[in-house]
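Comments concern the structure below.
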Amino acid sequence: MQAIDEHTEKPRSDQLHDLRLLADACGESFAYPSTSAEAEAELQRLRGRQQSDFAERAIDRRAVDDGMAARGGAARVRDSEIVGYGSSAHWAVGQ
């Protein structure tokens, strides 16, 4: 049986799951770890952070969503780009 080296082994699925949960609970993001050791270090950092409450996270998400919607952006679908309504709507390509 080979010894496992945390400095070269990819992060385990349970580590990534825990990272997502903790980052969400703390209202933070994280850089995707490339090794198991990096994942564990990030988990330790997030465990030391104060978790925000659900209402605060919901308010933050709403503010980000509203800010993105207000700016529009290149990914926004414009009325001139679609033809039809409901299930018959399609892209107005070449028209």
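The opening position of the sequence shown corresponds to residue -13 in my numbering, with each subsequent residue numbered one higher.
Every residue, glycine too, gets a C-beta built ideally from N, C-alpha and C.
What are the boundary residues of the alpha helix (DSSP H) that includes ALA56?
That run of the alpha helix (DSSP H) goes 40 to 57.
Considering only the beta carbon of each residue, do GLY13 and ASP46 sit closer than 8 Å?
yes
Would you identify the three-state DSSP class for HIS76, choosing helix, strand or coil?
strand
How many whole angstroms separate the CB atoms of GLU(-5) and SER22, which I take to be in contact at a CB cut-off of 8 Å?
Yes, they are in contact, since the Cβ atoms of GLU(-5) and SER22 sit about 5 Å apart, within 8 Å.
If we count the other Cβ atoms within 10 Å of its Cβ and call it buried at 16 or more, is LEU32 buried or exposed?
buried
CB-CB under 6 Å to LEU8, same chain, minus the five flanking residues each way: which ones, in chain order?
LEU32
Residue(s) in a DSSP beta bridge with VAL69:
DSSP output for VAL69 lists HIS76 as bridge partner(s).
Coarse secondary structure for GLN37, derived from DSSP in three states
coil
What's the C-alpha gap between SER38 and ARG57?
27 Å
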